[in-house]
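Note that my numbering has the sequence shown beginning at 129, numbered continuously upward. Cβ coordinates follow ideal geometry from the N, Cα and C atoms, glycine included. Remarks on the structure that follows.
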Amino acid sequence: MRAVRLAVVVVLLALGAVAFIKLGSRAANLVVGGLLTIVSLGLLVVARVQLGNSFTILPEARTLVTHGLYRRIPDPLFAFLDLALVGVIIVARQAWWLVPWAILVMAHVWASRREAAVLEQAFGDAYLAYRRSTWW
């Protein structure tokens, strides 16, 4: 069910971006896409700070971070990077860029699942309880 919710959000975001690119003026695309990018990058920085010393390039279980943005979003670094890129696509008015963006989103989902497996193995029931409290 979580995968379906995430897929619906991604498809709606892409369709919304295409519609906005096609129907919006250059000025509107610049403002909306710029705001989406700036806000998303700001939230990405907040998520990185909240992750603290648990940040790693490869999946590794140091501590289970469940506060701040992580309280409801299991991978806010990926989520806000993907949103920021949609903002860039809207500013650039290049709907075809959504194709490589979608491939990147799939890569992030794959990386997130690898990370989830590592965290579940390390933290067991605590991690499963945490995941039940997240949006996806």
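### Task
Give the secondary structure of Ala189 by DSSP, where H, G and I count as helix, E and B as strand, and everything else as coil.
Judged by DSSP in its simplified three-state form, Ala189 adopts coil rather than helix or strand.
### Task
Give the DSSP-derived three-state secondary structure of Ser299 in the structure shown.
With the chain covering 129 to 264 only, the question about residue 299 has no answer from this structure.
### Query
Could you give the distance in angstroms between the alpha-carbon of Pro228 and the alpha-carbon of Leu163?
22 Å
### Message
Suppose you measure from the CA of Gly272 to the CA of Arg190; what does that come to, to the nearest Å?
### Response
The question about residue 272 has no answer, for the chain in this structure spans 129 to 264.
### Message
With H, G and I counted as helix, E and B as strand and the rest as coil, what does DSSP make of Pro204?
### Response
helix
### Query
When you compare only the Cα positions, how much space is there between Val167 and Gly161?
10 Å
### Query
Do the CB positions of Gly208 and Ala175 come within less than 8 Å of each other?
It should be noted that the sequence gives Phe, not Gly, for residue 208. Cβ atoms of Phe208 and Ala175: closer than 8 Å.
### Query
Would you say the segment 185-205 touches the segment 218-234, given that touching needs at least three Cβ pairs under 8 Å?
Because the criterion of three Cβ pairs below 8 Å is not met, the segment 185-205 and the segment 218-234 do not touch.
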